[in-house]
Amino acid sequence: MDTILSKVEELSGENLYACYQCGKCSAGCPMVEQMDFLPNQIILLIIRGDNSVVESKTPWVCAQCYQCGVRCPKNVDITKIMEALRLLKLRKNVDYIKISGMKKNLPQIAVVSASRKYTG
Ligand code: SF4
Ligand code: SF4
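Residues in the sequence shown are numbered consecutively from 714, following my numbering.
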């Protein structure tokens, strides 16, 4: 059976067990005041198999700034982990947009980007 840990590791390509909870990621994150769980806490919840992490608002307020990954002594790229959590949530829901209903002549990158962010 797929666990939240295996799903996040598959989507992100990151090894969450490399994290040793030093907290440097959270200490440098510019968005922590808006988060319900700090970045290092998100990793801990995933490792513990706590599926409620998918409902956390933290991945949605993450600014994708890469500061956490730069500061991490274990090279854990939390930005990718936040992206994986968003994808897990989005894939449970109805598509927010229909590709077939998009305007024609949009730049290809816009179509690819929308596909990744809004549909499962
Ligand atoms: S900086 Fe890296 S090792 Fe430290 S808590 Fe964050 S993810 Fe874990
Ligand atoms: S990428 Fe997200 S979690 Fe990491 S430091 Fe930036 S805002 Fe915080």
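Backbone N, C-alpha and C fix where the C-beta goes; we use that ideal spot for every residue, glycine too.
heavy atom of ligand 2 below 7 Å from residue i C-beta
{"i": "Pro-786", "result": "no"}
{"i": "Cys-742", "result": "yes"}
{"i": "Pro-820", "result": "no"}
{"i": "Ala-776", "result": "yes"}
{"i": "Tyr-730", "result": "no"}
{"i": "Gln-754", "result": "no"}
Residue i: CB within 7 Å of a non-hydrogen atom of ligand 1
{"i": "Val-783", "result": "no"}
{"i": "Gln-734", "result": "yes"}
{"i": "Lys-793", "result": "no"}
Extent of the continuous alpha helix (DSSP H) to which residue i belongs
{"i": "Cys-738", "result": "737-741"}
{"i": "Pro-752", "result": "752-760"}
{"i": "Gly-782", "result": "780-784"}
Candidates the options, of which the one nearest residue i by Cα
{"i": "Val-721", "options": "Glu-746, Leu-800, Val-824 and Pro-786", "result": "Leu-800"}
{"i": "Met-744", "options": "Asp-790, Trp-773, Val-766 and Asn-818", "result": "Trp-773"}
{"i": "Cys-735", "options": "Ala-776, Asn-753, Ala-797 and Val-783", "result": "Asn-753"}
{"i": "Met-795", "options": "Leu-724, Ser-719, Thr-716 and Asp-715", "result": "Leu-724"}
{"i": "Arg-784", "options": "Tyr-733, Gly-741, Glu-727 and Ile-717", "result": "Gly-741"}
{"i": "Lys-787", "options": "Glu-727, Thr-716, Ile-717 and Ser-719", "result": "Glu-727"}
Rounded straight-line distance, which links the Cα of residue j to that of residue i
{"i": "Tyr-730", "j": "Tyr-779", "result": "19 Å"}
{"i": "Tyr-809", "j": "Cys-781", "result": "Because the pLDDT of Tyr-809 is 48, which lies under 50, any placement of that residue in the model is unreliable, and the number read from its coordinates should be weighed accordingly. Going by the C-alpha atoms only, they are around 29 Å apart."}
{"i": "Lys-737", "j": "Asp-749", "result": "17 Å"}
{"i": "Gly-762", "j": "Ile-791", "result": "17 Å"}
{"i": "Lys-793", "j": "Ser-739", "result": "15 Å"}
{"i": "Cys-732", "j": "Gly-814", "result": "42 Å"}
{"i": "Ile-775", "j": "Ser-769", "result": "Reading off the sequence shown, one finds Cys at residue 775, where the question assumed Ile. If you take the alpha carbons of Cys-775 and Ser-769, they lie about 11 Å apart."}
{"i": "Lys-817", "j": "Lys-802", "result": "28 Å"}
{"i": "Thr-716", "j": "Arg-804", "result": "15 Å"}
{"i": "Val-807", "j": "Val-789", "result": "Annotation note: pLDDT 49 at Val-807 (below 50); position unreliable, coordinate value reported separately. Near 31 Å, if we compare the C-alpha coordinates of Val-789 and Val-807."}
{"i": "Thr-771", "j": "Ser-719", "result": "20 Å"}
Residue i: CB within 7 Å of a non-hydrogen atom of ligand 4
{"i": "Gln-747", "result": "Summarising the ligand content, the structure contains ligand 1 and ligand 2 and does not contain ligand 4."}
If you pair each beta-carbon of the region 748-765 with each one of the region 815-825, do three or more pairs fall below 8 Å?
no
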